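> Using this note's numbering, you'd call the opening residue of the sequence shown number 18 and step up by one each time. Starting off with a structure, shown below.
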Amino acid sequence: MYRYVIMDVFTGTPLEGNPVLVLLAASGLSSAQMQAIAVETHLSETTFVLPAEGSGDVRVRIFTPTCELPFAGHPTLGTAIALAHQSDRTSLVMETLVGNVEFTFERDDGGTVSASMIQPIPVWEPYEHAETLAEGVGVRAAEQTVFAYRNGPRHVLFPVRDIEELSSLTPDLRLLATLPDMSAFCFAGEGTRWRARMFSPAYGVTEDAATGSAAGPLAVHLARTGRISYGDRIEIRQGVEMGRPSTMVATAWGSGERPERIVVSGTAVPVARGEFLLEGTESAS
């Protein structure tokens, strides 16, 4: 049997934020079983905690209903906080397919745990299908260059005019599904307060309530395009239109085209526990 906990991530309120199912000790499961469990849960991501293979404290694999991801934000943060609930640890080093991710934890008087993660520095390039993407999300093509950022998953940061337009988006998911290996991360706002929506049929996600792996790239993008300064702490609200409001906090440090450090923070709360009544295989990988 494999114990799990469901965490609502980037929120301190149960049944808000972005849920992730965390299998707390997944040794013995094969990759095929992990993928099948992710299909069974039908959440945007399911994570599997395994013994560390290198210098980390644990190793984590992340699956959507359609594929394995090398890194993702809310699943790793939710998994880290789930593990923090099992001890009084103040930090954690998590091995992922993009390398080690470091977390630090804070606890309030009520026992709610918040975490900060040091995210991988993304690489970026102009997105080659910006006009199709604009048609897919139902707005006019952006006047400025649209960039794709990769820190594991590939997020295309698509600016829209204002929050009203953001809230009214009605994406053509069939058209977006023709754009491989990307999420459409649409954003609006100003200063240090931003709103976002994310659509990604390519990753098996119709709409995401909180995309933590895009929060860091958004901070980098806003800084390198002059809309904020490096070192500014931005707040990103997502999931509002889904009835799953989430809050992510992100800061990028660096200069010009050279981000040096990215930290994304948030809270997560456990909402369910249970067991998968499965037997592992000897071919786990």
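Where a beta carbon is used, it is the ideal one built from N, C-alpha and C, also for glycine. Quick caveat, the model's predicted, so the values are computed rather than measured.
(1) Leaving out five residues before and five after Val-140 in sequence, what residues of the same chain have Cβ atoms less than 7 Å from its Cβ?
(2) What residue range is occupied by the uninterrupted beta strand (DSSP E) comprising Gly-271?
(3) Classify Ser-184 as helix, strand or coil using the three-state DSSP reduction.
(4) In terms of residue numbering, what span does the beta strand (DSSP E) encompassing Ala-205 cover?
(5) Alpha carbon to alpha carbon, how far is Phe-88 from Ala-165? Give it in angstroms, no decimals.
(6) For Ile-279, which beta-bridge partners are listed by DSSP?
(7) Considering only the alpha carbon of each residue, which of Thr-30, Leu-38, Leu-32 lies closest to Val-22?
(8) If you draw a straight line from the C-alpha of Arg-254 to the C-alpha of Thr-298, how long is it?
(9) Please report how far the alpha carbon of Asp-125 lies from the alpha carbon of Thr-228, in whole angstroms.
(10) Considering Cα atoms alone, identify which of Gly-283, Leu-295, Leu-294, Glu-296 is closest to Met-24.
(11) So for Ser-300, helix, strand or coil by DSSP?
(12) Quick one: is Leu-100 buried, meaning 16 or more other Cβ sit within 10 Å of its Cβ, or exposed?
(13) Classify Met-51: buried if its beta carbon has 16 or more other beta carbons within 10 angstroms, exposed otherwise.
(14) Would you say Arg-214 and Glu-207 are within 8 Å of each other, going by their C-beta atoms?
Taking the structure as given:
(1) Arg-167
(2) 263-272
(3) helix
(4) Annotation for Ala-205: the continuous beta strand (DSSP E) segment containing it runs 200-207.
(5) Rounded to the nearest angstrom, the gap between the Cα atoms of Ala-165 and Phe-88 is 16 Å.
(6) Per DSSP, the beta-bridge partners of Ile-279 are Ala-269.
(7) Leu-38
(8) 41 Å
(9) If you take the alpha carbons of Asp-125 and Thr-228, they lie about 24 Å apart.
(10) Nearest of Gly-283, Leu-295, Leu-294, Glu-296 to Met-24, Cα basis: Gly-283.
(11) Because the pLDDT of Ser-300 is 45, which lies under 50, any placement of that residue in the model is unreliable, and the number read from its coordinates should be weighed accordingly. Here Ser-300 sits in coil by DSSP.
(12) buried
(13) buried
(14) No.
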